[in-house]
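Enquirer: Residue 385 in numbering that gives the first Met the number 0 sits at position 386 of the sequence shown, with consecutive numbering throughout.
Think of the CB as a built atom: it goes at the ideal place given N, C-alpha and C, for glycine as much as any other residue.
Remember, it's a predicted structure, so these values are computed and weren't measured experimentally.
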Amino acid sequence: MTTSLLRLGARLGATAQNALEVVRFGGLDTGEDAAPYEVVGARRVYRLRHYYPGDGAGRPVVLLVPPLMITAEVYDISSRVSAVRVLRELGADPWVVDFGAPEREPGGLERTITDHVLAVSDAVDRVRKATGRDVHVAGYSQGGMFAYQAAAYRRSEGVASLVTFGSPADTSVGLPFGVPAWLAAEGAGRIPEGLIRGLAVPGWVLRTGFQLLSPVKSVRSRVGFVLALHDRERLAPRERQRRFIEREGWVAWPGPALAEFIRQFIAHNRMLTGGFVIGDRVVTLADITCPVLAFAGEVDEIAPPAMVRAIGRAAPRARVYEATLRSGHFGLVVGSLAVAQTWPAVAGWVRWRDEDGDLPELVRPLESEERAAASPPGGAAAYGLQLAAGIGVNAARSAAVTAARAVQGIGQIAREAGQNLPRLARLERIHADTRMSMGLLLDEQADRAPDDVFFLYQGRAYTQAAAKRRIDAVVRGLIHIGVRQGDPVGVLMETRPTALALVAALNRLGAVAVLLRPDGDPAREAALGEVDRIIADPQNAERAAALPGVRAYLLGGGRARDDRTRGLPLTDALTDALTDMERIDPDRVAVPGWYRPNPGRAGDLAFVCFTGDGEHLRAHRITNRRWALSAFGTASSASLSAADTVFSITPLQHPSALLMSLGGAVAGGSRLALATAYDPETFWDEARRYGVTVASYTWTLLRDLVNAPPHPGERHHAVRLFIGSGMPRGLWRRVEERFAPARVLEFYATTEAEAILVNLTGRKPGSLGRPLPGSARVRLARYDLEEGRPEQGPDGLAVECAPDEIGVLLVRVTPGAAASTRRPLRGVFAPGDAWLSTGDLFRRDADGDYWLVGRETELIRTAEGIVPPGPIRDALGDLPYVDAVAVYGVPAGDGAEIAAAAISLRDPDAEVKPVDLAEALLRVPPEMRPALVRVVDEIPVTGGRRLRTDSLRAEGMPRPGEGRAYVRDSAGGYRLLA
């Protein structure tokens, strides 16, 4: 009994003594020393540590990057669990980036993500200079994200490899506590950025949040520590690690960095999609070309394996390897498991990359990026379910997946409804006298989120605030040269930031932007647009100065604001002929009393665009309401949000760019990426760099892209929609097949009337869908093909088409707009009504979807009757070896024509079989089938990639015996023309 009491007393005494030491000093003194290092460089954001200096010559260099919320000591917590010690003992030369404690650094709480990424990049340069070797950059958690971002920023220059530990590359896969990604993104997007930027998160909050991820484990650890306080020898080996996790290892997260992290990587998931901004440069992980080793913890609740393995999709050019450990997030880099497996594998990896060893047994190539979908929803909780025995595991997995999909579907519906209902409601409220314009919407976006990116161009990002300043400066310049509200002003520019600013400035002033085409006929277009002023960029200055009867001005010439103008000499004569608006100081321009920003009303003329050439040149006059209709219609149909980047690959002066790409991005609050020119070879590089989710097209523009060889950036791309108009049905199917899961969103719109059709579901390729809510009412009137006019019933009114009947599409004109509409048809379906004929022939199927049959100008008048081209185009375009189809008439005497079709082949060596032609055309009524089908090397296209038939028509009938033409015989089949 006495011995037991003595032992109890000694135990209580030891407990009290150790507890007092913990209270006074925060923990027990273990007498361990940190690994030796020297600070070889100190900058505003970081210090560069070199561990074991003087002992690294000839060794592979490893640069370790900590996350924001944890100190650099995470790599050297104690001698027992020191990463730098293990690396050095196994032949590596360890260096560490030390961001310090932001709350104790001058300006530390003002740091951004950009500051940290540039710090890592700078550290790579310094280590390379000091060692003469490329650097293996390794990072834990967000430190690994910094490593990815810095390598992408540098295009992997000087980076031997990347090693990351629990670093997510796709935040849409899953989040802590099983929070759905869509809910987190929606919530993150609604938090005012100004609130976050001014709110640094203290270290104790981050520590508490980390512990709450595993509350049972945290409580068990603390209880175990208290119960073992009497045994100092037992506690000593883990004491430094406990102190680090419980108190000493946590530092504040600066508010600006947190705001940027939430906006770019949680709300918009741009680690995966690309298009995140470092400084003003647009960066994508697709630019990483060095090898990558990603460590994942099987029960990691902060970065589940699916989030980590997504680097295989985010960096398609990199060879990606993985190492999976049975650990949580912290255990990947700290603890006995990390010392025994993680860090020896890292040392073996860098030796293997330096050709001084074998690939570590723990490391293997990432088998398939689709493994990202293999992790169960809910992280470690679902992982526990999978350990259950018997059939219950399959039922649990099925229920979890079904529930996750249901929640995701509900979330998507709620999110899209929340976005689109206000847009459609606002569209319904727009009347002729409502204030509405592009300039007004841009001002709203700039007021709401001035630091958000408005547009991307040549790898640079321009914020809403910067764009507003430039637009307002150009407005002052326009006022200085005498432009007033309602004045038409010609814009003769290539696609560039200056052109975008000028168009927006003219709209903000209330003037009319007449968009002249650099590849068109500026003199004729200027006359049609009734302009007496033209503003040109340096590339088009000479042409503008030569136009008679107009005053020419220069904008963007030679200033650093627009990189494309640098190095372009302007002759003295040319300088004298143009007024350089860049020389106007906006601050010295007196604002007249009549000026009010964004005075435009919905019914006011805002833009004039041009299509066609020669005798087919047409001017399209677009009101503010017509622009807004397309803008809000595109944003609603495509469900555009701030997470989207819309890629405009058509020139800015093209109606599709003005109405859909620019309009949709502005109305949807999305980013706009401007392409200088469309090039299939660079499309995917740009799409990855900008983080493109929606790309525009016109007509057959995507044919070159779908025919191009596979591109590395095409794998696991982020594009979800191709939006545009005029895509042939066969090409539509090929685009969706090759670039899945992206789909085509096809529109039909009239530029002057307010009719818009859209195929929202995409279930019927080739169909133009149904009228967009908020657009003008449309009806199909039965059409007399021979007479070229709508048929009339016994009462003298037009007859509406039954399902699948061909008719002309008519657009209802409101009474207020009838007076300004050119040649409306009156008394069509009822006395006093007014309609505008589109000149386009459609049929409407039993489901109510519209199908374009042809245009009045395309009808072929054969001896057997009128042949519309649409059914023939669709039927032949469905043949798997056909690339493009053009349908036209060949003069046959007596005013009649022969219906002919020209086809080009995807493979020039493909065999065209007459039986294939006959079977494909069985879906076309016999009287509408072509008499001639010929194979051509290429079908000419316009600048907008619309197929041209004038040269084919001029060629007439092909010569017999060439083996490239087929004629229809009396039995309805096709045979070779001999």
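#1: Straight-line CA distance for Asp353 to Trp94?
#2: With 16 other CB atoms within 10 Å as the buried threshold, where does Trp348 fall?
#3: Terminal residues of the continuous beta strand (DSSP E) containing Gly296?
#4: For Glu799, write down the residues that DSSP places opposite it in a beta bridge.
#5: Considering only the alpha carbon of each residue, which of Val85, Tyr36 and Pro201 lies closest to Arg103?
#6: Is DSSP giving Gly248 helix, strand or coil here?
#7: Can you round the beta-carbon distance between Ile277 and Leu117 to whole angstroms, since I take them to be within the 8 Å contact cut?
#8: Please confirm whether Val757 and Ser636 have their CB atoms less than 8 Å apart.
#9: Give the range of the alpha helix (DSSP H) segment to which Ala56 is assigned.
#10: What is the C-beta distance between Tyr552 and Ile480, in whole angstroms, given that I count them as a contact (C-beta under 8 Å)?
#11: Quick one: what's got a C-beta closer than 6 Å to Leu976's C-beta in the same chain, skipping five residues either side?
#12: DSSP on Leu976, reduced to helix/strand/coil?
#13: Pro770 bridges to which residues according to DSSP?
#14: Here's the rule: buried if 16 or more other CB atoms are within 10 angstroms of the residue's CB, otherwise exposed. What is Ser950?
#15: Where DSSP assigns a beta bridge to Phe145, which residues make up the other side?
#16: Hey, quick one: how far does the beta strand (DSSP E) through Gly667 stretch, first residue to last?
#17: Within 8 Å (strictly less), CB to CB, does Gly142 reach chain C?
#18: Pairing CB atoms from the stretch 658 to 665 with CB atoms from the stretch 781 to 793, are three or more of them under 8 Å?
#19: If distances are taken between C-alpha atoms only, which option among Leu423, Pro823 and Val96 comes closest to Ala41?
#20: Looking only at its own chain, which residues have a Cβ that is under 7 Å from the Cβ of Arg507, when we skip the five neighbours before and after it?
#21: So, at 6 Å on beta carbons, what are the nonlocal neighbours of Phe176 in its own chain, with the 5 sequence-adjacent residues on each side left out?
#22: Between Ala898 and Gly690, what straight-line distance do the alpha-carbon atoms span, to the nearest angstrom?
#23: For Asp520, which residues from the same chain have a beta carbon less than 6 Å from its beta carbon, with the 5 sequence-adjacent residues on both sides left out?
#24: Near Val64, which residues of its chain fall below 6 Å by C-beta distance, leaving aside the five closest residues on each side in sequence?
#25: Counting C-beta neighbours from all protein chains within 10 Å, is the total for Trp698 16 or more, i.e. buried, or is it exposed?
#26: Check this for me: beta carbons of Ser695 and Phe738, under 8 Å apart or not?
#27: Going along the chain, which residues of its own chain have a beta-carbon closer than 8 Å to the beta-carbon of Arg947, five neighbours each way excluded?
#28: If we ignore side chains and look at the alpha-carbon of each, how far apart do Val932 and Arg523 end up?
#29: For the candidate residues Ala717, Thr750, Ala540 and Ala641, whose alpha-carbon lies nearest to that of Arg978?
#30: So, for Gly831: in the same chain, excluding its five sequence neighbours on each side, which residues have a beta-carbon less than 8 Å away from its beta-carbon?
#31: Counting along the chain, where does the alpha helix (DSSP H) carrying Val914 start and finish?
#32: So what's Trp593 in DSSP terms, helix, strand or just coil?
#33: Tell me whether Ala559 is buried or exposed, calling it buried when 16 or more other Cβ atoms sit within 10 Å of its Cβ.
#34: Evaluate contact between the stretch 296 to 306 and the stretch 333 to 343, counting only Cβ atoms and requiring at least three cross-stretch pairs below 8 Å.
#35: Pick helix, strand or coil for Pro957, following the three-state DSSP scheme.
#36: Identify whether Arg577 lies in helix, strand or coil by the three-state DSSP scheme.
Expert: This is what the structure gives:
#1: 17 Å
#2: buried
#3: Val291 to Gly296
#4: Ala780
#5: Pro201
#6: coil
#7: 7 Å
#8: yes
#9: No alpha helix (DSSP H) holds Ala56; DSSP gives it neither H nor E.
#10: 6 Å
#11: Pro959, Ala964 and Val966
#12: coil
#13: Leu756
#14: exposed
#15: Bridge partners of Phe145: none, in fact.
#16: Not the beta strand (DSSP E): Gly667 falls in the alpha helix (DSSP H), residues Gly662 to Gly667.
#17: Here there is only one protein chain, and chain C is not present.
#18: no
#19: Val96
#20: Gly438, Ile470, Val474, Pro596 and Asn597
#21: Residue confidence for Phe176 is low, a pLDDT of 47 falling below 50, so the modelled location carries little weight; the figure read from the coordinates is stated next. None.
#22: 45 Å
#23: none
#24: Val96, Val119, Gly138, Gly142, Phe145 and Ala146
#25: buried
#26: no
#27: Ala885, Ile938, Pro939, Val940 and Thr941
#28: 37 Å
#29: Residue 978 cannot be examined here, being either before or after the span of the chain that is shown, 0 to 977.
#30: Arg825
#31: Pro913 to Ala919
#32: coil
#33: Low confidence applies here, because Ala559 scores a pLDDT of 43, under 50, leaving its location unreliable; read the following figure in that light. Ala559 comes out exposed.
#34: no
#35: coil
#36: Residue 577 is actually Leu in this sequence, not Arg. Coil at Leu577, not helix or strand.
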